[in-house]
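Residue numbers (this note's numbering), protein chains in the order written: chain U, 1 to 334; chain L, 1 to 468.
Ideal placement from N, C-alpha and C gives every residue a C-beta, glycine not left out.
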Amino acid sequence: MSDSRNEEQGCPQFSKLTHGLAVGLTVVVFPLIWVGGLVTTYDAGMAVPDWPTTYGWNMFAYPASTWLFGPFDLMVEHSHRLLASLSGMIAIGLVVAAWKLDRRPWFRWWAVGLLLLVIAQGVLGGVRVLLDERLVAKIHGCVGPAFFALAAATGVLTSRWWFAPAAGMEGAGRRVGKAVAIVVSGLCALSYLQLVLGAQLRHITGWMSHRSFRGLVHAHLAMAGLLLMGVLVAAIMVWWKPTIPRVRRWVMGLCLLVVLQIVLGCATWVVNYALPWSELNKTLAGYTIQAKGFVESLVVTAHMATGSLIVAFAAVASVRAWRFRWVVKQGRVQ
Amino acid sequence: MNAPPRNDRRNALPQDGGVKLFRVMWVGWCVAAVIGCAPSPGAFPPNRIFAKRLELTDDIDLGKGLAESQVLLAELFGTPDQPRWPAMVSELTPGRSGDAAASRRGDTSSPEPLVRLENLRRAAGAVRSDEQGVHWGLYRANCVQCHGVAGDGLGPAAALLNPYPRDFRMGKFKWKRTPLGRRPTRDDLRRVLLRGVPGTAMPSFANLDADDIEALVDYTIYLSIRGEFERRLLSLAAQEVDWQGGEHLYDPAWLPSEGMAAQAWPAQWRDLMEELANIVAQWQAAEELPIDVPHPDFPLVERTPSDDAGQLSETGGIEQQIIASIAHGGELFRGTVASCSFCHGDDATGTGQQNNYDEWTRDWTVLAGLNPGDTEALRPMLELGALKPRPILPRNLTWGIFRGGDTPEDLYLRIAHGVEGTPMPAAPLQPGNPQGLRQEEVWDLIRFLLSLSDRPADPRPGSPGGGT
Numbered sequence: 001m002s003d004s005r006n007e008e009q010g011c012p013q014f015s016k017l018t019h020g021l022a023v024g025l026t027v028v029v030f031p032l033i034w035v036g037g038l039v040t041t042y043d044a045g046m047a048v049p050d051w052p053t054t055y056g057w058n059m060f061a062y063p064a065s066t067w068l069f070g071p072f073d074l075m076v077e078h079s080h081r082l083l084a085s086l087s088g089m090i091a092i093g094l095v096v097a098a099w100k101l102d103r104r105p106w107f108r109w110w111a112v113g114l115l116l117l118v119i120a121q122g123v124l125g126g127v128r129v130l131l132d133e134r135l136v137a138k139i140h141g142c143v144g145p146a147f148f149a150l151a152a153a154t155g156v157l158t159s160r161w162w163f164a165p166a167a168g169m170e171g172a173g174r175r176v177g178k179a180v181a182i183v184v185s186g187l188c189a190l191s192y193l194q195l196v197l198g199a200q201l202r203h204i205t206g207w208m209s210h211r212s213f214r215g216l217v218h219a220h221l222a223m224a225g226l227l228l229m230g231v232l233v234a235a236i237m238v239w240w241k242p243t244i245p246r247v248r249r250w251v252m253g254l255c256l257l258v259v260l261q262i263v264l265g266c267a268t269w270v271v272n273y274a275l276p277w278s279e280l281n282k283t284l285a286g287y288t289i290q291a292k293g294f295v296e297s298l299v300v301t302a303h304m305a306t307g308s309l310i311v312a313f314a315a316v317a318s319v320r321a322w323r324f325r326w327v328v329k330q331g332r333v334q
Numbered sequence: 001m002n003a004p005p006r007n008d009r010r011n012a013l014p015q016d017g018g019v020k021l022f023r024v025m026w027v028g029w030c031v032a033a034v035i036g037c038a039p040s041p042g043a044f045p046p047n048r049i050f051a052k053r054l055e056l057t058d059d060i061d062l063g064k065g066l067a068e069s070q071v072l073l074a075e076l077f078g079t080p081d082q083p084r085w086p087a088m089v090s091e092l093t094p095g096r097s098g099d100a101a102a103s104r105r106g107d108t109s110s111p112e113p114l115v116r117l118e119n120l121r122r123a124a125g126a127v128r129s130d131e132q133g134v135h136w137g138l139y140r141a142n143c144v145q146c147h148g149v150a151g152d153g154l155g156p157a158a159a160l161l162n163p164y165p166r167d168f169r170m171g172k173f174k175w176k177r178t179p180l181g182r183r184p185t186r187d188d189l190r191r192v193l194l195r196g197v198p199g200t201a202m203p204s205f206a207n208l209d210a211d212d213i214e215a216l217v218d219y220t221i222y223l224s225i226r227g228e229f230e231r232r233l234l235s236l237a238a239q240e241v242d243w244q245g246g247e248h249l250y251d252p253a254w255l256p257s258e259g260m261a262a263q264a265w266p267a268q269w270r271d272l273m274e275e276l277a278n279i280v281a282q283w284q285a286a287e288e289l290p291i292d293v294p295h296p297d298f299p300l301v302e303r304t305p306s307d308d309a310g311q312l313s314e315t316g317g318i319e320q321q322i323i324a325s326i327a328h329g330g331e332l333f334r335g336t337v338a339s340c341s342f343c344h345g346d347d348a349t350g351t352g353q354q355n356n357y358d359e360w361t362r363d364w365t366v367l368a369g370l371n372p373g374d375t376e377a378l379r380p381m382l383e384l385g386a387l388k389p390r391p392i393l394p395r396n397l398t399w400g401i402f403r404g405g406d407t408p409e410d411l412y413l414r415i416a417h418g419v420e421g422t423p424m425p426a427a428p429l430q431p432g433n434p435q436g437l438r439q440e441e442v443w444d445l446i447r448f449l450l451s452l453s454d455r456p457a458d459p460r461p462g463s464p465g466g467g468t
């Protein structure tokens with residue numbers, strides 16, 4: 001077909017604005033996830049008892065002197081709400097851009113779906129406050145990262161690359177094996193499940209039995225091992241086979257993130273529960289956990305945010321892998 | 001471009017990325033809903049393990065006793081969401097209610113209560129905070145994951161910690177300044193919360209507001225007294241109540257009406273309240289125990305070379321004294337009077353006796369006639385949620401890390417009082433024990449301990465070991 005050349009040069013379907021909004025959304029949601037994590041770390045979820053108002057104020061009119069310089073919990077919770085509304089507004093912009101500028105009908109609805117999801121997430125956050133229900137808090141905590149991954153994937157769906165994934169690849173013999181695509185999307189699914197397990201560990205209540213908790217910890221550890229193996233397999237696959245750089249790069253990034261995440265996970269355990277073998281070494285034997293300490297909160301929140309980043313990386317890598325394969329199968333490149 | 005070809009539509013569907021993600025998300029949600037969605041009943045979990053122990057040793061069925069005890073406990077202490085404080089017991093603890101502490105402050109009008117109901121309300125219930133930054137639900141925000149709703153040390157994380165979190169319900173605490181067998185003071189609990197316990201999962205809560213700490217101290221005492229009273233009630237149910245003869249442990253009909261004077265209480269109610277008052281009185285008595293640590297005759301450690309040279313000549317003789325003291329401390333450590341090395345090993349690395357269990361474990365194993373090492377025999381207890389027994393190991397003392405605090409005063413009291421609930425004994429001391437150690441010999445032991453690690457004793461001014 002000749003239009004592959006066409007797309008490469010003119011790329012008439014690409015819209016800078018749509019792509020910019022999608023990337024912008026991803027960029028805003030990441031700090032939003034950090035702040036959301038801090039809300040849980042500091043138990044600040046109930047620092048504002050009402051929603052969508054803040055202590056009766058319209059959220060945007062709530063005086064900065066009260067929240068910015070007020071109690072820490074209030075500052076964290078209120079900035080979470082403000083950032084969340086910002087991402088909602090970007091999502092609205094994305095829908096408008098999709099309907100005006102994007103000619104792919106499915107993409108228009110994708111953008112609408114994304115907006116609905118961010119609204120649902122906002123409502124979940126509100127319900128969490130109004131009902132003070134841990135289950136809602138957990139779901140809210142799990143939808144956030146999913147939304148982040150979808151936003152990151154939207155970045156790919158709107159990119160110049162999406163419209164001409166094989167451009168410049170002819171003759172280079174680059175391809176994406178089916179196995180790679182499967183492994184990478186499997187990693188995406190597993191890392192999300194892992195994140196859900198992590199959320200269970202984070203939102204425990206006193207009424208959970210120690211047996212269930214131990215079961216969860218073991219599942220989380222087993223899954224970490226599985227993910228590490230999966231990501232190593234994927235890395236070996238893309239390294240030894242001639243894979244397109246766009247996939248390879250994300251898989252290698254994923255690999256680094258998983259290793260980092262395992263280190264952060266161990267650290268998260270230590271700063272929450274200490275190691276059960278404190279006599280192992282002198283530093284551990286002398287370490288006292290600082291409840292709500294700075295380093296402690298940073299480690300825990302970083303572990304949570306890196307989890308979201310892993311899901312997003314895996315989502316981006318799988319979207320790219322399948323897109324490339326699809327285009328190749330369509331016979332656009334040999 | 002003209003109308004998009006049919007082909008393009010199919011092509012464009014993000015079949016593999018998007019739909020999969022959505023599916024995964026839904027699976028995730030279902031998993032989230034199924035696991036960890038434990039109900040949060042409004043009541044404190046009863047002490048089934050202790051009831052089981054009584055059933056095993058006294059060969060009776062405590063079903064009724066357990067049920068009635070919970071009714072009475074809820075009447076007196078409320079629920080995890082709505083705590084109560086049985087203020088009426090103060091009528092039975094004559095001349096107490098901490099008024100000795102109050103009179104020391106020159107305030108005789110309003111005796112300091114052991115526990116304040118406002119504080120319990122702050123610490124109990126669900127987690128929230130307000131525009132002024134006041135926190136509620138402190139116990140659930142900070143403690144419950146380890147210490148459990150009832151302070152039973154059976155929180156969700158408990159099984160994975162070593163040592164296990166404290167069970168407050170026996171009224172025993174390790175890191176306190178009162179002698180063995182006595183309750184800790186409020187100040188002891190406050191210090192543990194502020195300092196944390198190094199090398200264990202018990203965090204330092206120094207980042208919390210001072211009044212949050214006070215509320216948590218009150219709540220710890222509340223859970224401890226409630227738990228001790230529960231144990232007392234179960235023992236009464238097993239040993240005193242004639243169930244065959246139609247007697248009850250507690251009958252709501254005994255409850256006196258509001259404001260009724262103690263003299264007019266029904267006799268059974270009065271008996272129960274006296275049991276409770278005895279427990280409360282032990283906590284109040286702890287506040288009045290004198291804690292005096294003698295000063296050592298000369299400094300605990302040599303001055304460091306960084307001290308100004310002018311003082312070196314002055315400490316020259318002391319250096320010899322310290323070296324001799326350390327040597328003597330080492331002999332005492334390995335000697336038969338203190339017999340520290342029996343547990344801590346000759347080199348103090350903790351290699352001595354390894355097969356002991358702490359009191360919190362012995363309580364439902366040895367005292368129930370079960371061997372803590374025999375998992376099969378323990379099964380009924382483990383099924384009720386008891387944690388697998390682990391031997392308590394003597395500490396490695398060569399690292400200079402002390403869980404109960406590392407001031408010279410702390411170390412002195414640790415040796416003089418031992419560690420409650422553990423095999424670590426109180427050293428025999430003169431004059432109480434004529435064969436025991438002299439006070440100065442305790443300091444010899446401490447100098448020896450400090451010499452094992454290169455960590456200098458805390459030379460805070462005013463602390464006994466601080467240099468002159």
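| Helix, strand or coil for residue 268(U) per DSSP? | Within the first sequence, the letter at position 268 stands for residue 268(U). It is helical.
| request: Could you list which residues in chain L have their beta carbon closer than 7 Å to that of residue 60(U), in chain order? | output: Taking the first residue of the first sequence as position 1, residue 60(U) is located at position 60. Per Cβ cutoff of 7 Å: no residues; residue 60(U) is ~17 Å from chain L at best.
| task | Return no unless some Cβ of chain U is closer than 9 Å to the Cβ of residue 350(L). | result | Here residue 350(L) corresponds to residue number 350 of the second sequence, with the count starting at 1. In terms of beta-carbon proximity, residue 350(L) lines the interface with chain U, with at least one pair separated by less than 9 Å.
| field | Range covered by the alpha helix (DSSP H) that runs through residue 362(L) | value | Position 362 of the second sequence, counted from the first residue, corresponds to residue 362(L). Secondary structure note for residue 362(L): its alpha helix (DSSP H) is the uninterrupted segment 359-362.
| query | Mind listing which residues of the region 183-208 of chain L have their C-beta closer than 8 Å to chain U's C-betas, in chain order? | reply | Correct list: 195, 196, 197, 198, 199, 200, 201, 202, 203, 204, 205, 206, 207, 208.
| query | Looking at C-beta atoms only, is the number of pairs between the region 198-210 of chain L and the region 397-415 of chain L that lie closer than 8 Å three or more? | reply | As far as the Cβ criterion goes, the region 198-210 of chain L touches the region 397-415 of chain L, which means the pair count is three or higher.
| 7 Å Cβ cut-off: residues of chain B touching residue 396(L) | Here the protein chains are U and L, and chain B is not one of them.
| Ordered along the chain, which non-local residues of its own chain (more than five positions away) have a Cβ less than 7 Å from that of residue 238(L)? | Walking along the second sequence from the start, residue 238(L) turns up at place 238. Result list for residue 238(L): 54, 58, 60, 62, 65, in chain order.
| query | Within 10 angstroms of its Cβ, does residue 257(L) collect 16 or more other Cβ (buried), or is it exposed? | reply | As a position in the second sequence, residue 257(L) is number 257, starting the count at 1. Around the beta carbon of residue 257(L), fewer than 16 other beta carbons lie within 10 angstroms, which makes this residue exposed.
| request: Please check the pair residue 206(U) and residue 145(L), which I expect to be a contact at CB under 8 Å, by giving their CB distance rounded to whole angstroms. | output: Start at 1 with the first residue of the first sequence, and residue 206(U) comes out as number 206. Start at 1 with the first residue of the second sequence, and residue 145(L) comes out as number 145. Going by Cβ atoms, the distance from residue 206(U) to residue 145(L) rounds to 7 Å, so yes, they are a contact pair.
| Cβ-based neighbour list, residue 462(L), same chain, cut-off 6 Å, excluding 5 preceding and 5 following | Within the second sequence, numbered from 1, the residue matching residue 462(L) stands at position 462. Residue confidence is low: residue 462(L) scores 41 on pLDDT, short of 50, so the model does not pin down where it sits. Its coordinate-derived value is still stated next. The answer is none, since no qualifying residue turns up.
| Who are the Cβ neighbours of residue 322(U) in its own chain at under 8 Å, not counting the five residues just before and after it? | Working through the first sequence from its first residue, we reach residue 322(U) at position 322. Closer than 8 Å at the Cβ level, and outside the excluded window around residue 322(U), lie 181, 185.
| Which residues DSSP lists as bridging residue 446(L), in chain order | By 1-based counting over the second sequence, the position of residue 446(L) is 446. Residue 446(L) pairs with nothing; no bridge assigned.
| In the DSSP assignment, what are the bridge partners of residue 57(U)? | Here residue 57(U) refers to the residue found at position 57 of the first sequence. Paired residue(s): 54(U).
| query | If we call anything under 9 Å between Cβ atoms a contact, is residue 28(U) one with residue 83(U)? | reply | Here residue 28(U) corresponds to residue number 28 of the first sequence, with the count starting at 1. Here residue 83(U) corresponds to residue number 83 of the first sequence, with the count starting at 1. One thing to note: residue 28(U) has its Cβ within 9 Å of the Cβ of residue 83(U).
| request: For residue 392(L), write down the residues that DSSP places opposite it in a beta bridge. | output: Numbered from 1 along the second sequence, position 392 holds the residue referred to as residue 392(L). Partner residues in the beta bridge of residue 392(L), as assigned by DSSP, are 356(L).
| Got a sec: which bits of the region 292-310 of chain U sit with their beta carbon under 8 Å from any beta carbon on chain L, in order along the chain? | Of all residues in the region 292-310 of chain U, only 292, 293 place a beta-carbon less than 8 Å from a beta-carbon of chain L.
| Proximal chain L residues relative to residue 288(U), where beta-carbon distance stays under 9 Å | For this step, residue 288(U) is matched to residue 288 along the first sequence. The contacting residues are 195, 196, 197, 198, 199, 200, 202, 203, 204.
| message | Pairs of beta-carbons, one from the region 341-354 of chain L and one from the region 383-397 of chain L, closer than 8 Å: are there three or more? | response | As far as the Cβ criterion goes, the region 341-354 of chain L touches the region 383-397 of chain L, which means the pair count is three or higher.
| query | Where do the ends of the alpha helix (DSSP H) carrying residue 317(U) lie? | reply | By 1-based counting over the first sequence, the position of residue 317(U) is 317. Segment 294-329, the alpha helix (DSSP H) holding residue 317(U).
| Is there a Cβ from chain U that is less than 9 Å from the Cβ of residue 401(L)? | Here residue 401(L) refers to the residue found at position 401 when the second sequence is read from its first residue. Closer than 9 Å to the CB of residue 401(L) there is at least one CB belonging to chain U.
| query | Does any residue of chain U bring its CB to less than 9 Å from the CB of residue 129(L)? | reply | Counting from 1 along the second sequence, the entry for residue 129(L) is found at position 129. So yes, residue 129(L) belongs to the interface.
| residue 83(L) bridges to which residues according to DSSP? | Counting from one through the second sequence, the residue named residue 83(L) turns up at place 83. The bridge partners DSSP lists for residue 83(L) are 78(L).
| query | If we cut at 9 Å on Cβ distances, does residue 135(L) have a partner in chain U? | reply | Against the second sequence, residue 135(L) aligns to sequence position 135. Output row for residue 135(L): interface = yes.
| field | Stretch pair the region 32-49 of chain U + the region 74-90 of chain U: three plus CB contacts closer than 8 Å | value | Output reads yes: the region 74-90 of chain U touches the region 32-49 of chain U.
| request: Compare the C-beta of residue 343(L) with all C-beta atoms of chain U and state if any pair is closer than 9 Å. | output: Locating residue 343(L) in the second sequence gives position 343, counting from the first residue. Chain U, which has no Cβ nearer than 9 Å to the Cβ of residue 343(L), makes this no.
| So residue 144(U) and residue 33(U) are in contact, right, with Cβ under 8 Å, and what is the actual spacing, rounded? | On the first sequence, position 144 is the one that residue 144(U) refers to. On the first sequence, position 33 is the one that residue 33(U) refers to. That belief holds up - the Cβ atoms of residue 144(U) and residue 33(U) are roughly 6 Å apart, short of 8 Å.
| message | With H, G and I counted as helix, E and B as strand and the rest as coil, what does DSSP make of residue 18(U)? | response | Stepping through the first sequence from its first residue, residue 18(U) is reached at position 18. Taken through DSSP and simplified to helix, strand or coil, residue 18(U) comes out as helix.
| message | Quick test of your reading: residue 151(L) and residue 140(L), contact by CB under 8 Å. State the CB separation rounded to the nearest angstrom. | response | Mapped onto the second sequence, residue 151(L) falls at position 151. Mapped onto the second sequence, residue 140(L) falls at position 140. That pair is no contact at about 12 Å.
| said: Can you tell me whether residue 155(U) is buried or exposed? The criterion is at least 16 other CB atoms within 10 Å of its CB, across all chains shown. | reply: The residue given as residue 155(U) occupies position 155 in the first sequence. Buried is the label assigned to residue 155(U), since at least 16 other Cβ atoms lie within 10 Å of its Cβ.
| message | Just to confirm the assignment, what range does the alpha helix (DSSP H) spanning residue 113(U) have? | response | In the first sequence, counting from the first residue as 1, residue 113(U) sits at position 113. 105-131 is the span of the alpha helix (DSSP H), which, as asked, contains residue 113(U).
| residue 166(L), buried or exposed, once every other Cβ within 10 Å from all chains shown has been counted against 16 | Position 166 of the second sequence, counting from 1, holds the residue named residue 166(L). Classification for residue 166(L): buried.
| task | Since I believe residue 70(U) is in contact with residue 207(L) (beta carbons under 8 Å), could you give me their beta-carbon distance rounded to a whole number of angstroms? | result | By one-based count along the second sequence, residue 207(L) stands at place 207. By one-based count along the first sequence, residue 70(U) stands at place 70. Not a contact, Cβ separation roughly 17 Å.
| field | Separation of residue 118(U) from residue 147(U), as counted between CA atoms | value | Mapped onto the first sequence, residue 147(U) falls at position 147. Mapped onto the first sequence, residue 118(U) falls at position 118. Computed Cα separation, rounded: 7 Å.
| request: Label residue 305(L) either buried or exposed according to how many other C-beta atoms from any shown protein chain fall within 10 Å of its C-beta, with 16 as the threshold for buried. | output: Here residue 305(L) corresponds to residue number 305 of the second sequence, with the count starting at 1. Because residue 305(L) carries a pLDDT of 49, less than 50, the predicted location of this residue cannot be relied on, and the following value inherits that uncertainty. Residue 305(L) comes out exposed.
| request: Flag residue 19(U) as yes if its beta-carbon sits less than 9 Å from any beta-carbon of chain L, otherwise no. | output: Counted from its first residue, the first sequence places residue 19(U) at position 19. Chain L contact via Cβ: absent.
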